[in-house]
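Asker: Next up is a structure, given as C-alpha coordinates.
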Amino acid sequence: MPYYRVVGEVPRKRHVQFRRPDGGLYAEELMGEEGFSSDSSLLYHRYLPTAIIKAEAVEPPAGSVLSPNLPLSPRHFRTQDLPSGGDLVTGRRLLTGNGDVRISYASVGDPSELYRNSMGDECVYIQEGTARFESTYGALEVGEGDYVVIPTGTIHRWVPLSARVTALAIEASGHIRPPKRYLSKYGQFLEHAPYCERDLRAPGEPLLVEGEEVPVLVRTRGGLTRLVYRNHPFDVVGWDGYLYPYAFNIADFEPIVKRTHAPPPVHQTFEGPNFVICSFCPRPLDFHPEAIPIPYNHHNVDSDEFMFYVGGDYTARKGSGIDVGSISLHPAGFTHGPQPGAVEASIDAVRKGHVITSELAVMVDTFRPLDLGEAALACEDPAYAWTWAR
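Going by the numbering used here, the first residue of the sequence shown is number 6, and it counts up by one from there.
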(Lines of atoms letter the chains of each structure in order from A and count residues from 1; the text may use other names and numbers.)
(Lines give C-alpha, C1' and ligand atoms only; values in the text may rest on other atoms or scores of the structure.)
Protein backbone atom coordinates (compact mmCIF):
# COMPACT_ATOMS: atom_id res chain seq x y z
CA MET A 1 0.00 0.00 0.00
CA PRO A 2 1.19 3.54 -0.70
CA TYR A 3 0.46 5.10 2.67
CA TYR A 4 0.58 4.44 6.41
CA ARG A 5 -2.48 3.69 8.54
CA VAL A 6 -3.08 2.98 12.20
CA VAL A 7 -6.28 1.28 13.44
CA GLY A 8 -7.28 0.54 17.02
CA GLU A 9 -4.88 0.50 19.96
CA VAL A 10 -1.12 0.33 19.45
CA PRO A 11 1.76 1.25 21.79
CA ARG A 12 3.84 4.38 21.17
CA LYS A 13 6.84 2.37 19.94
CA ARG A 14 7.11 -0.91 18.08
CA HIS A 15 8.22 -4.09 19.84
CA VAL A 16 7.80 -2.78 23.36
CA GLN A 17 5.58 -4.20 26.09
CA PHE A 18 1.88 -3.74 25.33
CA ARG A 19 -0.30 -5.21 28.04
CA ARG A 20 -3.88 -6.38 28.16
CA PRO A 21 -6.22 -5.09 30.92
CA ASP A 22 -5.48 -8.28 32.88
CA GLY A 23 -1.75 -7.51 32.81
CA GLY A 24 -0.75 -10.10 30.20
CA LEU A 25 1.03 -9.14 26.98
CA TYR A 26 -0.70 -8.73 23.68
CA ALA A 27 0.93 -11.00 21.08
CA GLU A 28 2.65 -9.27 18.17
CA GLU A 29 2.35 -10.52 14.58
CA LEU A 30 4.45 -8.82 11.92
CA MET A 31 2.95 -9.31 8.45
CA GLY A 32 5.82 -8.45 6.10
CA GLU A 33 6.61 -8.83 2.41
CA GLU A 34 9.86 -9.82 0.71
CA GLY A 35 11.80 -10.97 3.75
CA PHE A 36 11.27 -7.87 5.94
CA SER A 37 12.59 -5.61 3.14
CA SER A 38 9.25 -4.28 1.84
CA ASP A 39 5.85 -3.19 3.17
CA SER A 40 4.61 -4.58 6.47
CA SER A 41 2.05 -4.15 9.22
CA LEU A 42 2.30 -4.99 12.90
CA LEU A 43 -0.81 -6.55 14.48
CA TYR A 44 -1.53 -6.98 18.22
CA HIS A 45 -3.52 -10.11 19.13
CA ARG A 46 -5.32 -11.00 22.34
CA TYR A 47 -4.21 -14.61 21.88
CA LEU A 48 -1.22 -16.31 20.28
CA PRO A 49 -1.60 -16.27 16.47
CA THR A 50 0.63 -19.35 16.38
CA ALA A 51 -1.59 -21.63 18.48
CA ILE A 52 -2.95 -24.38 16.22
CA ILE A 53 -4.38 -27.65 17.53
CA LYS A 54 -5.03 -29.61 14.33
CA ALA A 55 -4.03 -29.76 10.65
CA GLU A 56 -5.52 -31.81 7.84
CA ALA A 57 -4.94 -31.92 4.09
CA VAL A 58 -7.83 -30.86 1.84
CA GLU A 59 -8.46 -32.25 -1.63
CA PRO A 60 -8.30 -29.65 -4.42
CA PRO A 61 -11.71 -28.64 -5.79
CA ALA A 62 -13.01 -30.18 -8.98
CA GLY A 63 -12.28 -28.21 -12.12
CA SER A 64 -8.86 -26.95 -11.02
CA VAL A 65 -6.96 -28.43 -13.99
CA LEU A 66 -5.76 -26.15 -16.82
CA SER A 67 -5.15 -27.10 -20.46
CA PRO A 68 -3.35 -25.14 -23.24
CA ASN A 69 -5.28 -22.82 -25.54
CA LEU A 70 -5.05 -25.21 -28.51
CA PRO A 71 -5.85 -24.90 -31.26
CA LEU A 72 -4.83 -21.27 -30.77
CA SER A 73 -7.89 -19.07 -31.20
CA PRO A 74 -9.71 -16.11 -29.71
CA ARG A 75 -12.33 -17.21 -27.21
CA HIS A 76 -15.63 -15.91 -25.84
CA PHE A 77 -16.90 -17.15 -22.50
CA ARG A 78 -20.43 -16.43 -21.25
CA THR A 79 -20.29 -16.29 -17.46
CA GLN A 80 -24.10 -15.98 -17.46
CA ASP A 81 -24.21 -19.68 -18.42
CA LEU A 82 -22.18 -20.89 -15.43
CA PRO A 83 -24.11 -22.40 -12.49
CA SER A 84 -24.53 -20.49 -9.25
CA GLY A 85 -23.80 -21.80 -5.79
CA GLY A 86 -21.32 -21.96 -2.96
CA ASP A 87 -19.25 -19.19 -1.45
CA LEU A 88 -16.68 -16.65 -2.65
CA VAL A 89 -13.74 -18.91 -1.83
CA THR A 90 -14.67 -22.51 -2.62
CA GLY A 91 -17.36 -21.52 -5.13
CA ARG A 92 -14.86 -20.05 -7.61
CA ARG A 93 -14.90 -21.63 -11.06
CA LEU A 94 -11.48 -21.52 -12.68
CA LEU A 95 -11.57 -19.88 -16.12
CA THR A 96 -7.93 -19.46 -17.05
CA GLY A 97 -4.46 -19.13 -15.61
CA ASN A 98 -0.71 -19.70 -15.80
CA GLY A 99 2.23 -19.76 -13.39
CA ASP A 100 1.70 -16.07 -12.52
CA VAL A 101 -2.06 -15.69 -12.12
CA ARG A 102 -5.30 -17.66 -11.92
CA ILE A 103 -8.62 -16.05 -12.86
CA SER A 104 -11.95 -17.44 -11.64
CA TYR A 105 -15.62 -16.48 -11.72
CA ALA A 106 -18.07 -16.92 -8.86
CA SER A 107 -21.84 -16.55 -8.57
CA VAL A 108 -22.59 -17.30 -4.92
CA GLY A 109 -24.85 -16.70 -1.96
CA ASP A 110 -23.27 -18.48 1.01
CA PRO A 111 -20.81 -17.14 3.62
CA SER A 112 -17.30 -18.51 3.22
CA GLU A 113 -15.22 -20.16 5.91
CA LEU A 114 -12.09 -18.40 7.12
CA TYR A 115 -9.45 -18.47 4.39
CA ARG A 116 -5.78 -17.58 4.02
CA ASN A 117 -4.12 -17.50 0.58
CA SER A 118 -0.39 -17.86 1.23
CA MET A 119 0.52 -18.14 -2.47
CA GLY A 120 0.02 -14.47 -3.35
CA ASP A 121 -2.22 -11.43 -3.26
CA GLU A 122 -5.81 -11.53 -4.53
CA CYS A 123 -7.85 -8.89 -6.33
CA VAL A 124 -11.57 -9.65 -6.29
CA TYR A 125 -13.81 -7.53 -8.53
CA ILE A 126 -17.46 -7.42 -7.41
CA GLN A 127 -19.69 -7.45 -10.49
CA GLU A 128 -23.08 -7.58 -8.75
CA GLY A 129 -24.38 -7.69 -5.20
CA THR A 130 -22.99 -6.61 -1.85
CA ALA A 131 -20.88 -8.39 0.75
CA ARG A 132 -19.07 -7.87 4.01
CA PHE A 133 -15.37 -8.63 3.82
CA GLU A 134 -14.08 -9.57 7.27
CA SER A 135 -10.43 -9.99 8.18
CA THR A 136 -7.86 -9.79 10.96
CA TYR A 137 -7.46 -6.11 9.98
CA GLY A 138 -11.17 -5.31 10.32
CA ALA A 139 -14.18 -5.30 8.02
CA LEU A 140 -15.23 -3.62 4.77
CA GLU A 141 -18.63 -3.46 3.12
CA VAL A 142 -18.17 -3.84 -0.61
CA GLY A 143 -20.45 -3.83 -3.61
CA GLU A 144 -20.84 -3.44 -7.34
CA GLY A 145 -17.72 -2.10 -9.02
CA ASP A 146 -15.37 -2.62 -6.07
CA TYR A 147 -11.91 -4.07 -6.50
CA VAL A 148 -10.92 -5.68 -3.18
CA VAL A 149 -7.15 -6.17 -2.87
CA ILE A 150 -6.16 -8.75 -0.25
CA PRO A 151 -2.49 -9.09 0.80
CA THR A 152 -0.88 -12.52 0.89
CA GLY A 153 -1.50 -14.37 4.15
CA THR A 154 -4.51 -12.31 5.31
CA ILE A 155 -7.05 -14.46 7.16
CA HIS A 156 -10.47 -13.39 5.92
CA ARG A 157 -13.99 -14.46 5.01
CA TRP A 158 -16.78 -13.23 2.74
CA VAL A 159 -20.34 -12.75 4.01
CA PRO A 160 -22.90 -11.92 1.27
CA LEU A 161 -25.34 -9.16 2.14
CA SER A 162 -27.46 -9.73 -0.97
CA ALA A 163 -29.10 -12.89 -2.27
CA ARG A 164 -26.38 -13.31 -4.88
CA VAL A 165 -22.87 -11.95 -5.38
CA THR A 166 -21.04 -12.33 -8.69
CA ALA A 167 -17.33 -11.65 -8.83
CA LEU A 168 -14.11 -12.11 -10.76
CA ALA A 169 -11.26 -13.43 -8.58
CA ILE A 170 -7.68 -12.70 -9.71
CA GLU A 171 -5.16 -14.73 -7.71
CA ALA A 172 -1.52 -13.71 -8.15
CA SER A 173 1.67 -15.64 -7.49
CA GLY A 174 3.10 -12.49 -5.85
CA HIS A 175 1.96 -8.99 -4.95
CA ILE A 176 -0.65 -6.71 -6.56
CA ARG A 177 0.10 -2.99 -6.30
CA PRO A 178 -0.67 0.36 -7.94
CA PRO A 179 1.58 0.91 -10.98
CA LYS A 180 4.96 2.38 -10.09
CA ARG A 181 4.57 5.20 -12.60
CA TYR A 182 1.62 6.56 -10.58
CA LEU A 183 3.70 6.91 -7.41
CA SER A 184 6.50 9.14 -6.19
CA LYS A 185 9.70 7.46 -5.05
CA TYR A 186 8.29 7.76 -1.53
CA GLY A 187 4.98 6.07 -2.41
CA GLN A 188 2.56 9.00 -2.75
CA PHE A 189 0.15 9.03 -5.68
CA LEU A 190 1.26 11.64 -8.22
CA GLU A 191 -1.00 14.25 -9.80
CA HIS A 192 -1.14 12.46 -13.16
CA ALA A 193 -2.41 9.22 -11.59
CA PRO A 194 -6.04 8.26 -12.43
CA TYR A 195 -6.83 7.68 -8.75
CA CYS A 196 -5.36 8.60 -5.36
CA GLU A 197 -5.33 7.77 -1.65
CA ARG A 198 -8.72 9.42 -1.09
CA ASP A 199 -10.31 6.83 -3.37
CA LEU A 200 -9.11 3.84 -1.32
CA ARG A 201 -11.21 2.36 1.51
CA ALA A 202 -9.61 0.32 4.26
CA PRO A 203 -10.83 -1.10 7.60
CA GLY A 204 -11.29 1.70 10.11
CA GLU A 205 -11.70 -0.22 13.37
CA PRO A 206 -10.79 -3.61 14.79
CA LEU A 207 -13.08 -6.61 14.32
CA LEU A 208 -13.13 -8.70 17.50
CA VAL A 209 -14.73 -12.15 17.48
CA GLU A 210 -14.59 -14.67 20.31
CA GLY A 211 -14.35 -18.38 19.60
CA GLU A 212 -12.35 -21.54 20.14
CA GLU A 213 -11.19 -24.34 17.84
CA VAL A 214 -11.72 -22.26 14.70
CA PRO A 215 -10.85 -23.80 11.30
CA VAL A 216 -9.02 -21.79 8.62
CA LEU A 217 -8.57 -23.03 5.05
CA VAL A 218 -4.98 -22.28 3.94
CA ARG A 219 -3.69 -22.35 0.36
CA THR A 220 0.02 -22.77 -0.32
CA ARG A 221 1.97 -23.86 -3.38
CA GLY A 222 1.81 -27.38 -1.99
CA GLY A 223 -2.00 -27.46 -1.92
CA LEU A 224 -4.81 -26.90 0.60
CA THR A 225 -4.70 -27.46 4.36
CA ARG A 226 -7.31 -26.81 7.02
CA LEU A 227 -5.67 -25.56 10.21
CA VAL A 228 -7.66 -25.42 13.45
CA TYR A 229 -6.69 -22.48 15.68
CA ARG A 230 -7.12 -22.61 19.43
CA ASN A 231 -8.71 -19.13 19.40
CA HIS A 232 -10.50 -17.11 16.77
CA PRO A 233 -7.99 -15.22 14.55
CA PHE A 234 -10.20 -12.10 14.63
CA ASP A 235 -8.73 -10.99 17.96
CA VAL A 236 -6.60 -8.02 16.83
CA VAL A 237 -7.04 -4.95 19.05
CA GLY A 238 -4.88 -2.71 16.84
CA TRP A 239 -2.42 -2.58 13.96
CA ASP A 240 -0.34 -0.12 11.99
CA GLY A 241 1.65 -0.15 8.78
CA TYR A 242 1.47 -0.04 5.01
CA LEU A 243 0.11 -3.54 4.37
CA TYR A 244 -3.64 -4.21 4.64
CA PRO A 245 -6.70 -5.08 2.52
CA TYR A 246 -8.48 -2.24 0.79
CA ALA A 247 -11.25 -1.52 -1.71
CA PHE A 248 -11.22 0.74 -4.74
CA ASN A 249 -14.33 1.33 -6.84
CA ILE A 250 -14.03 1.37 -10.61
CA ALA A 251 -16.29 4.46 -10.71
CA ASP A 252 -13.47 6.40 -9.00
CA PHE A 253 -11.03 5.69 -11.83
CA GLU A 254 -10.44 8.93 -13.78
CA PRO A 255 -9.90 8.05 -17.47
CA ILE A 256 -6.94 9.55 -19.33
CA VAL A 257 -7.98 10.70 -22.81
CA LYS A 258 -6.24 11.82 -25.99
CA ARG A 259 -7.43 13.44 -29.21
CA THR A 260 -6.87 10.08 -30.92
CA HIS A 261 -7.33 6.58 -29.57
CA ALA A 262 -5.12 5.82 -26.54
CA PRO A 263 -3.66 2.34 -25.95
CA PRO A 264 -4.57 0.15 -22.93
CA PRO A 265 -1.73 1.32 -20.62
CA VAL A 266 -3.72 4.52 -19.96
CA HIS A 267 -6.35 2.30 -18.32
CA GLN A 268 -3.93 0.45 -16.04
CA THR A 269 -5.16 0.20 -12.46
CA PHE A 270 -2.89 -2.38 -10.79
CA GLU A 271 0.20 -4.41 -11.60
CA GLY A 272 1.13 -7.92 -10.52
CA PRO A 273 3.91 -10.39 -11.34
CA ASN A 274 3.88 -10.63 -15.15
CA PHE A 275 0.36 -9.19 -15.51
CA VAL A 276 -1.55 -5.93 -15.29
CA ILE A 277 -5.17 -5.08 -14.44
CA CYS A 278 -6.90 -2.29 -16.39
CA SER A 279 -10.24 -0.48 -16.00
CA PHE A 280 -12.13 0.63 -19.12
CA CYS A 281 -14.56 3.30 -17.92
CA PRO A 282 -17.01 5.76 -19.54
CA ARG A 283 -15.00 8.61 -21.06
CA PRO A 284 -15.10 11.21 -23.86
CA LEU A 285 -14.55 9.75 -27.28
CA ASP A 286 -11.43 10.78 -29.18
CA PHE A 287 -11.94 14.35 -30.33
CA HIS A 288 -9.48 14.95 -33.16
CA PRO A 289 -11.70 16.05 -36.12
CA GLU A 290 -10.63 12.99 -38.12
CA ALA A 291 -10.19 10.53 -35.26
CA ILE A 292 -11.36 6.92 -35.46
CA PRO A 293 -12.82 6.74 -31.95
CA ILE A 294 -12.57 2.99 -31.32
CA PRO A 295 -9.58 0.64 -31.02
CA TYR A 296 -7.43 -0.06 -34.05
CA ASN A 297 -6.59 -3.64 -34.97
CA HIS A 298 -3.76 -4.66 -32.69
CA HIS A 299 -1.49 -7.59 -31.92
CA ASN A 300 -0.10 -7.77 -28.41
CA VAL A 301 2.94 -9.83 -29.33
CA ASP A 302 4.03 -10.33 -25.70
CA SER A 303 0.71 -10.84 -23.93
CA ASP A 304 -2.68 -12.51 -23.76
CA GLU A 305 -5.65 -10.17 -23.27
CA PHE A 306 -8.48 -11.23 -20.95
CA MET A 307 -11.44 -8.80 -21.00
CA PHE A 308 -14.45 -9.01 -18.66
CA TYR A 309 -17.37 -6.88 -19.89
CA VAL A 310 -19.24 -5.65 -16.81
CA GLY A 311 -21.50 -2.86 -18.06
CA GLY A 312 -22.43 -0.39 -20.79
CA ASP A 313 -22.55 -0.65 -24.57
CA TYR A 314 -19.75 -2.29 -26.59
CA THR A 315 -20.06 -0.52 -29.96
CA ALA A 316 -16.75 -1.87 -31.22
CA ARG A 317 -17.91 -5.47 -30.62
CA LYS A 318 -21.40 -5.24 -32.16
CA GLY A 319 -22.18 -8.44 -34.02
CA SER A 320 -19.67 -10.58 -32.07
CA GLY A 321 -22.06 -11.84 -29.39
CA ILE A 322 -20.22 -9.94 -26.66
CA ASP A 323 -22.58 -8.62 -23.97
CA VAL A 324 -22.57 -7.77 -20.27
CA GLY A 325 -21.13 -10.78 -18.45
CA SER A 326 -19.04 -11.87 -21.42
CA ILE A 327 -15.31 -12.55 -21.28
CA SER A 328 -13.08 -12.41 -24.35
CA LEU A 329 -9.65 -13.97 -24.50
CA HIS A 330 -7.38 -12.72 -27.30
CA PRO A 331 -4.08 -14.61 -27.17
CA ALA A 332 -0.68 -13.56 -28.39
CA GLY A 333 -0.33 -14.92 -31.92
CA PHE A 334 -3.69 -13.45 -32.97
CA THR A 335 -4.48 -9.95 -34.26
CA HIS A 336 -7.79 -8.60 -33.01
CA GLY A 337 -9.81 -5.41 -33.20
CA PRO A 338 -13.25 -3.95 -33.93
CA GLN A 339 -15.94 -6.03 -35.56
CA PRO A 340 -16.65 -5.40 -39.28
CA GLY A 341 -18.57 -2.16 -39.74
CA ALA A 342 -17.75 -0.82 -36.27
CA VAL A 343 -15.21 1.76 -37.49
CA GLU A 344 -17.62 3.61 -39.78
CA ALA A 345 -20.39 3.32 -37.19
CA SER A 346 -18.20 4.98 -34.56
CA ILE A 347 -17.37 7.88 -36.90
CA ASP A 348 -21.08 8.34 -37.63
CA ALA A 349 -21.85 8.33 -33.91
CA VAL A 350 -19.41 11.19 -33.29
CA ARG A 351 -20.93 13.17 -36.16
CA LYS A 352 -24.34 12.78 -34.49
CA GLY A 353 -23.00 14.07 -31.18
CA HIS A 354 -22.58 10.78 -29.29
CA VAL A 355 -19.30 11.75 -27.67
CA ILE A 356 -19.22 9.70 -24.44
CA THR A 357 -18.52 5.98 -24.30
CA SER A 358 -20.57 3.91 -21.87
CA GLU A 359 -18.40 0.78 -21.81
CA LEU A 360 -17.26 -0.65 -18.51
CA ALA A 361 -14.79 -3.52 -18.49
CA VAL A 362 -12.00 -5.10 -16.45
CA MET A 363 -8.98 -6.34 -18.40
CA VAL A 364 -6.11 -8.59 -17.34
CA ASP A 365 -3.10 -8.62 -19.69
CA THR A 366 -0.66 -11.45 -18.96
CA PHE A 367 2.89 -11.75 -20.25
CA ARG A 368 2.79 -15.52 -20.38
CA PRO A 369 0.12 -17.55 -22.23
CA LEU A 370 -3.12 -18.25 -20.43
CA ASP A 371 -4.29 -21.85 -20.23
CA LEU A 372 -7.99 -22.75 -20.11
CA GLY A 373 -10.01 -24.09 -17.19
CA GLU A 374 -12.96 -26.45 -17.36
CA ALA A 375 -15.39 -23.66 -16.43
CA ALA A 376 -14.28 -21.56 -19.41
CA LEU A 377 -14.72 -24.44 -21.84
CA ALA A 378 -18.15 -25.18 -20.34
CA CYS A 379 -19.48 -21.69 -21.16
CA GLU A 380 -17.62 -20.99 -24.42
CA ASP A 381 -19.31 -19.53 -27.52
CA PRO A 382 -17.72 -21.70 -30.23
CA ALA A 383 -18.68 -19.34 -33.07
CA TYR A 384 -16.79 -16.30 -31.72
CA ALA A 385 -13.46 -16.88 -33.45
CA TRP A 386 -15.05 -16.56 -36.89
CA THR A 387 -17.07 -13.37 -36.32
CA TRP A 388 -14.49 -11.09 -37.99
CA ALA A 389 -14.89 -13.07 -41.23
CA ARG A 390 -18.63 -12.61 -41.55
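Glycine included, every Cβ here is placed at the ideal spot set by N, Cα and C.
In the DSSP assignment, find the unbroken alpha helix (DSSP H) run with ALA296 in it and report its ends.
Answerer: The count along the sequence shown starts at 1 and reaches residue 296 at position 291. Run containing ALA296: none; DSSP gives neither H nor E here.
Asker: Please list the segments of the beta strand (DSSP E) lying wholly inside the segment 93-165, counting only runs of 3 or more residues, in order along the chain.
Answerer: 98-102, 106-113, 119-122, 127-133, 136-140, 143-147, 151-155, 161-165
Asker: Going by the beta-carbon positions, is the gap between VAL241 and TRP163 smaller than 8 Å?
Answerer: Taking the first residue of the sequence shown as 1, we reach residue 241 at position 236. Taking the first residue of the sequence shown as 1, we reach residue 163 at position 158. Not closer than 8 Å, so no.
Asker: Beta-carbon within less than 7 Å of VAL262's beta-carbon, same chain only, minus the 5 sequence neighbours each way: which residues are those?
Answerer: To locate residue 262, count along the sequence shown from 1; it is residue 257. Same-chain partners within the cutoff: ARG288, PRO289.
Asker: Inspect the beta-carbon positions of VAL315 and ALA366 and report whether they are closer than 8 Å.
Answerer: The residue given as residue 315 occupies position 310 in the sequence shown. The residue given as residue 366 occupies position 361 in the sequence shown. It is a contact, given that the beta carbons lie within the stated cut-off.
Asker: If you reduce the DSSP assignment to three classes, tell me which class ILE371 lands in.
Answerer: Residue 371 sits at position 366 when you count from the first residue of the sequence shown. The amino acid occupying residue 371 in the given sequence is Thr; Ile does not appear at that position. Strand.
Asker: When we look at the beta-carbon of GLN344 and count the other beta-carbons within 10 Å, is it buried (16 or more) or exposed?
Answerer: For this step, residue 344 is matched to residue 339 along the sequence shown. Flag for GLN344 reads buried.
Asker: With a threshold of 7 Å on Cβ separation, who are the neighbours of GLU210 within its own chain once the five nearest residues in sequence on each side are excluded?
Answerer: The residue you call residue 210 lines up with position 205 of the sequence shown. Result list for GLU210: VAL12, GLY13, GLY143, in chain order.
Asker: Report all residues from its chain with a CB closer than 7 Å to the CB of ASP103; omit the five preceding and five following residues, and keep chain order.
Answerer: Walking along the sequence shown from the start, residue 103 turns up at place 98. For the record, residue 103 in the displayed sequence is Asn; it is not Asp. Once the five neighbours on either side are set aside, the close Cβ partners of ASN103 are THR371, ARG373, PRO374, LEU375, ASP376.
Asker: Using the C-alpha atoms, what's the distance from PRO250 back to LEU47?
Answerer: Within the sequence shown, numbered from 1, the residue matching residue 47 stands at position 42. Within the sequence shown, numbered from 1, the residue matching residue 250 stands at position 245. Straight-line spacing of the CA atoms in LEU47 and PRO250 works out to 14 Å.
Asker: What separation, rounded to the nearest whole angstrom, lies between the Cα atoms of PRO278 and CYS128?
Answerer: Taking the sequence shown and counting its residues from 1, one reaches residue 278 at position 273. Taking the sequence shown and counting its residues from 1, one reaches residue 128 at position 123. In a straight line, the C-alpha of PRO278 is about 13 Å away from that of CYS128.
Asker: Ends of the alpha helix (DSSP H) at ALA380?
Answerer: On the sequence shown, residue 380 is found 375 positions in, with the first residue counted as 1. Note, ALA380: alpha helix (DSSP H), 379-383.
Asker: Should MET124 and THR225 be called a contact, given that it needs their Cβ atoms to be closer than 8 Å?
Answerer: Taking the sequence shown and counting its residues from 1, one reaches residue 124 at position 119. Taking the sequence shown and counting its residues from 1, one reaches residue 225 at position 220. Yes, these two residues count as a Cβ contact at 8 Å.
Asker: According to DSSP, simplified to helix, strand and coil, what is ALA174?
Answerer: The residue you call residue 174 lines up with position 169 of the sequence shown. If DSSP states are grouped into helix, strand and coil, ALA174 belongs with the strands.
Asker: Look up THR84 in the DSSP assignment and say whether it is helix, strand or coil.
Answerer: The residue you call residue 84 lines up with position 79 of the sequence shown. Residue state, collapsed to three classes: helix.
Asker: Do ILE160 and PRO220 have their beta-carbon atoms positioned less than 8 Å apart in this structure?
Answerer: Taking the sequence shown and counting its residues from 1, the one referred to as residue 220 is at position 215. Taking the sequence shown and counting its residues from 1, the one referred to as residue 160 is at position 155. No; because the gap between Cβ atoms is not below 8 Å, this pair is not in contact.
Asker: Do you know offhand how far TYR110's Cα is from LEU100's?
Answerer: For the purposes of this step, residue 110 is identified with residue 105 of the sequence shown, where counting begins at 1. For the purposes of this step, residue 100 is identified with residue 95 of the sequence shown, where counting begins at 1. Distance between the alpha carbons of TYR110 and LEU100: 7 Å.
Asker: Give the secondary structure of GLU202 by DSSP, where H, G and I count as helix, E and B as strand, and everything else as coil.
Answerer: Reading the sequence shown from its first residue, position 197 is the one you call residue 202. Note: GLU202 maps to helix in three-state DSSP.
Asker: Quickly, what does DSSP pair GLY229 with across the bridge? List them, please.
Answerer: Locating residue 229 in the sequence shown gives position 224, counting from the first residue. Here residue 229 turns out to be Leu, not Gly, going by the sequence shown. In the DSSP output, where bridge partners are listed per residue, LEU229 has VAL63, ARG224.
Asker: Within the same chain, show all residues whose beta-carbon is closer than 6 Å to that of PRO269, passing over the 5 residues directly before and after it, in chain order.
Answerer: Along the sequence shown, one-based indexing puts residue 269 at 264. The residues are CYS283.
Asker: What residue does the beta strand (DSSP E) around ALA394 start on, and which one ends it?
Answerer: For the purposes of this step, residue 394 is taken as residue 389 along the sequence shown, with counting starting at 1. DSSP places ALA394 outside any beta strand (DSSP E), giving it a letter other than H or E.
Asker: I need the straight-line Cα distance from GLY4 to ALA347, nearest angstrom please.
Answerer: No statement about residue 4 is possible, as the shown extent of the chain runs from 6 to 395 and does not include it.
Asker: Measure from the alpha carbon of THR274 to the alpha carbon of each residue in LYS323, TRP244, GLY192, PRO183, then state which is nearest.
Answerer: Within the sequence shown, numbered from 1, the residue matching residue 274 stands at position 269. Residue PRO183 holds the alpha-carbon nearest to the alpha-carbon of THR274 among LYS323, TRP244, GLY192, PRO183.
Asker: Below 8 Å between beta carbons: does that hold for VAL21 and TYR49?
Answerer: To locate residue 21, count along the sequence shown from 1; it is residue 16. To locate residue 49, count along the sequence shown from 1; it is residue 44. Not a contact, by the Cβ cut-off of 8 Å.
Asker: So ASN236 packs on TYR120, CB below 8 Å; how close in whole Å?
Answerer: If you number the sequence shown from 1, residue 236 lands on position 231. If you number the sequence shown from 1, residue 120 lands on position 115. With 8 Å as the limit, ASN236 and TYR120 do not qualify as a contact, their Cβ atoms being about 17 Å apart.
Asker: Let me know the alpha helix (DSSP H) ranges lying completely inside the segment 276-345, each 4 residues or longer, listed in chain order.
Answerer: none
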